[in-house]
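S.K.: The following block contains the structure, expressed as structure tokens.
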Amino acid sequence: MQQFDSSILLHLAEDYYQSPCERIEKIPQSGSVRLYFRLHFANHPTIMGVYNEDVAENTAFFVYTRFFEAHQINVPQLLSIHESQQYYLLSNLGDETLYSFLLKHRKGQEFSPEITAYYKQVIQQLPLIQLSAKQNLDFSVAYPRAAFDRQSMQWDLNYFKYYFVKLSRITFDEQKLENDFQTLMDALLQCDNNFFLYRDFQSRNIMIHQDKVYFIDYQGGRKGSYFYDIASLLFDGKADIPFDTREELLDFYLSEIQKYITIDKQNFRRQFYSFALIRIMQAMGAYGYRGYFEKKSHFLQSIPFAMTNIRYLLSNNRLPENISYLKNILQQLTEVDWTYFTGGVAPAKDDQRLHILVQSFSFKKGVPQDPSENGGGFVFDCRCLPNPGREPQYKNFSGKDQCVKDYLEKYDEVEEFKQQVNHIIDIAVDNYRERKFNHLMISFGCTGGQHRSAYFAEAAAEHLRQKYADVLVELRHRDCPC
Numbered sequence: 027m028q029q030f031d032s033s034i035l036l037h038l039a040e041d042y043y044q045s046p047c048e049r050i051e052k053i054p055q056s057g058s059v060r061l062y063f064r065l066h067f068a069n070h071p072t073i074m075g076v077y078n079e080d081v082a083e084n085t086a087f088f089v090y091t092r093f094f095e096a097h098q099i100n101v102p103q104l105l106s107i108h109e110s111q112q113y114y115l116l117s118n119l120g121d122e123t124l125y126s127f128l129l130k131h132r133k134g135q136e137f138s139p140e141i142t143a144y145y146k147q148v149i150q151q152l153p154l155i156q157l158s159a160k161q162n163l164d165f166s167v168a169y170p171r172a173a174f175d176r177q178s179m180q181w182d183l184n185y186f187k188y189y190f191v192k193l194s195r196i197t198f199d200e201q202k203l204e205n206d207f208q209t210l211m212d213a214l215l216q217c218d219n220n221f222f223l224y225r226d227f228q229s230r231n232i233m234i235h236q237d238k239v240y241f242i243d244y245q246g247g248r249k250g251s252y253f254y255d256i257a258s259l260l261f262d263g264k265a266d267i268p269f270d271t272r273e274e275l276l277d278f279y280l281s282e283i284q285k286y287i288t289i290d291k292q293n294f295r296r297q298f299y300s301f302a303l304i305r306i307m308q309a310m311g312a313y314g315y316r317g318y319f320e321k322k323s324h325f326l327q328s329i330p331f332a333m334t335n336i337r338y339l340l341s342n343n344r345l346p347e348n349i350s351y352l353k354n355i356l357q358q359l360t361e362v363d364w365t366y367f368t369g370g371v372a373p374a375k376d377d378q379r380l381h382i383l384v385q386s387f388s389f390k391k392g393v394p395q396d397p398s399e400n401g402g403g404f405v406f407d408c409r410c411l412p413n414p415g416r417e418p419q420y421k422n423f424s425g426k427d428q429c430v431k432d433y434l435e436k437y438d439e440v441e442e443f444k445q446q447v448n449h450i451i452d453i454a455v456d457n458y459r460e461r462k463f464n465h466l467m468i469s470f471g472c473t474g475g476q477h478r479s480a481y482f483a484e485a486a487a488e489h490l491r492q493k494y495a496d497v498l499v500e501l502r503h504r505d506c507p508c
């Protein structure tokens, strides 16, 4: 694996502007393995620097970006590419995503007119993106597959089956479920699949810059049906669009796309919800994989929204009649108690194992509430320890990053604190296991909830997982941008 070298990105940016870079700022990662940075200059606009070791994925992004730019679709400008094809520069679109705008301007459950207006602006451009497939867009670079075909669908459905259904501990007949998967795919493949399918068309991949919407993260695009992306947008889990607003936006999409192609509205609606289903199942697989195996707890927070979407499809008879076994599995999933979705695993009702919630937090935002009925747990105050947050070079890193770990671990008092904490929590865990208790909460707080608390929460969770194979450990970073 190639190691990221910040000097390469720095030189690429300085060569572009022919000017020294004043500051390089790392942007916290979310779901992507790509590394993003902002590079600041004294007399030039700030630009984005990106590192991704996967050259094939980058190539798809480069080709699509140039094509979209040429066809007046709002995407970041591709400024420069390093000879390795692993480092590149983009215009800076700021921090405001459609999702962050939604969170700031939402009034209760309803959408404000400002939010709806931005969604309509997105939908006006969506047909132009989709129809680019019919304008000689080069799909030979598509990554990882040139079309959303049966193989792609099978990958998504297996993702759902192995990383969500099986982790939920629902008992199911795998062959019957597979039969319904094949039936669903047969129906989806009957649709016209000669459009550009963006693949991850959702509110976090849409930027708002100078009152216009811009599109990012389309490197997974391929040929497919136009149903998929509008379904992805409207059934975007954490966006939690009110169902009446979804219907309004779906009608708006139909009016927009019919400016370019002829559509049978009744047939469209019948097929649309099947695409919504496969998109939701793909997302559920991601929640399980990213939440459990990659320990990114914010993915787990999307599960209740996915369940709301599934309940809507089931209760409103939106799904085909000939996938009854799959619908039965989906119904069972909506009945699981996801409150203790610990480490990505939803414990069965008769699961008597100890579930340990380990979390970091900022004291400025209050001590975390215990989600169980036990009234609380351990709260360790890390503010007495050396603070990397006061050092400028660690400002944009967290206790999950190696540089912060190295900083903290050079202090003897940090190691002593860790050993004392492990000793205390081991006493509790041993006692709780013996007495058949099923919940323990352990919280680490510091000033900002980003450096010391995140470091100790990570360390404690790893210690517990290594020492106790018969407990379930959930790790959350409540206030950390990591």
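27 is the number of the first residue of the sequence shown in the numbering used here; add one for each residue after it. No residue lacks a Cβ here, since even glycine has one placed at the ideal position from N, Cα and C.
Which residue from Ile149, His449 and Ala172 puts its Cα closest to that of Phe227?
M.R.: Out of Ile149, His449 and Ala172, Ile149 has the C-alpha closest to the C-alpha of Phe227.
S.K.: With DSSP as the reference, please indicate the residues paired to Leu466 in a beta bridge.
M.R.: Per DSSP, Ile382.
S.K.: Straight-line CA distance for Leu434 to Ala495?
M.R.: 28 Å
S.K.: Under three-state DSSP, which class holds Cys472?
M.R.: strand
S.K.: Please give the ranges of any alpha helix (DSSP H) in the stretch 260 to 285, keeping only runs that are unbroken, at least 4 residues long and fully inside the region.
M.R.: Runs of the alpha helix (DSSP H) inside the stretch 260 to 285: 269 to 283.
S.K.: Contact defined as beta carbons within less than 8 Å: I believe Phe470 pairs with Ala483. What is the distance between those atoms, to the nearest angstrom?
M.R.: 5 Å
S.K.: Tell me the start and end of each unbroken alpha helix (DSSP H) in the stretch 121 to 176 that is at least 4 residues and wholly inside, in chain order.
M.R.: Fully enclosed alpha helix (DSSP H) runs of 4 or longer: 124 to 131 and 139 to 157.
S.K.: Measure the alpha-carbon distance for Thr368 versus Leu35 and round it to whole angstroms.
M.R.: A caution first: Thr368 carries a pLDDT of 40, below 50, which makes its placement in the model unreliable, though a value can still be read off. Distance between the alpha carbons of Thr368 and Leu35: 39 Å.
S.K.: Return the first residue and the last residue of the beta strand (DSSP E) that Val440 is part of.
M.R.: Unbroken run through Val440 is the alpha helix (DSSP H), Asp438 to Glu460; no beta strand (DSSP E).
S.K.: Please list the segments of the beta strand (DSSP E) lying wholly inside the stretch 173 to 199, counting only runs of 3 or more residues, in order along the chain.
M.R.: none
S.K.: Name the two residues that bound the continuous beta strand (DSSP E) containing His503.
M.R.: Leu498 to His503
S.K.: With a threshold of 8 Å, are at least 3 pairs of Cβ atoms found where one atom belongs to the stretch 259 to 268 and the other to the stretch 163 to 172?
M.R.: Contact fails: fewer than three Cβ-Cβ distances are below 8 Å.
S.K.: Quick one: any contact between the stretch 214 to 223 and the stretch 239 to 255, if contact means 3 or more CB pairs under 8 Å?
M.R.: yes
S.K.: For Pro414, count neighbouring C-beta atoms within 10 Å of its own C-beta (all shown protein chains included) and say buried if the count is 16 or more, exposed if not.
M.R.: buried
S.K.: Can you tell me whether Leu35 is helix, strand or coil according to DSSP?
M.R.: Correct three-state label for Leu35: helix.
S.K.: Starting from Val393, trace the beta strand (DSSP E) both ways and give me its first and last residue.
M.R.: DSSP places Val393 outside any beta strand (DSSP E), giving it a letter other than H or E.
S.K.: What does the alpha-carbon distance come out to for the pair Gln428 and Phe88?
M.R.: For Gln428 and Phe88, the distance between alpha carbons rounds to 31 Å.
S.K.: Is Val239 helix, strand or coil by DSSP?
M.R.: In the structure shown, Val239 sits in a strand (DSSP, three-state: E or B).
S.K.: Over what stretch of residues does the alpha helix (DSSP H) that includes Val81 continue unbroken?
M.R.: Val81 -> alpha helix (DSSP H) spans Val81 to Ala96.
S.K.: So what's Asp218 in DSSP terms, helix, strand or just coil?
M.R.: coil
S.K.: Is it a yes or a no for the stretch 201 to 217 touching the stretch 176 to 186, going by three-plus beta-carbon pairs under 8 Å?
M.R.: yes
S.K.: Going by C-alpha to C-alpha distance, which of Phe137, Ile283 and Gly403 sits closest to Tyr458?
M.R.: Gly403
S.K.: From the DSSP secondary-structure annotation, give me the bridge partner or partners of Glu320.
M.R.: Per DSSP, none; premise fails for Glu320.
S.K.: DSSP on Val101, reduced to helix/strand/coil?
M.R.: coil
S.K.: Within the same chain, show all residues whose beta-carbon is closer than 7 Å to that of Thr271, passing over the 5 residues directly before and after it, in chain order.
M.R.: Once the five neighbours on either side are set aside, the close Cβ partners of Thr271 are Phe137 and Thr142.
S.K.: Cβ of Cys217 less than 7 Å from any chain B Cβ?
M.R.: As a matter of chain content, chain B is missing from the structure shown, which is built from one protein chain.
S.K.: Could you compute how far the alpha carbon of Ser229 sits from the alpha carbon of Tyr145?
M.R.: 9 Å
S.K.: Can you have a look at Ser281 and say buried or exposed, based on whether 16 or more other CB atoms are within 10 angstroms of its CB?
M.R.: exposed
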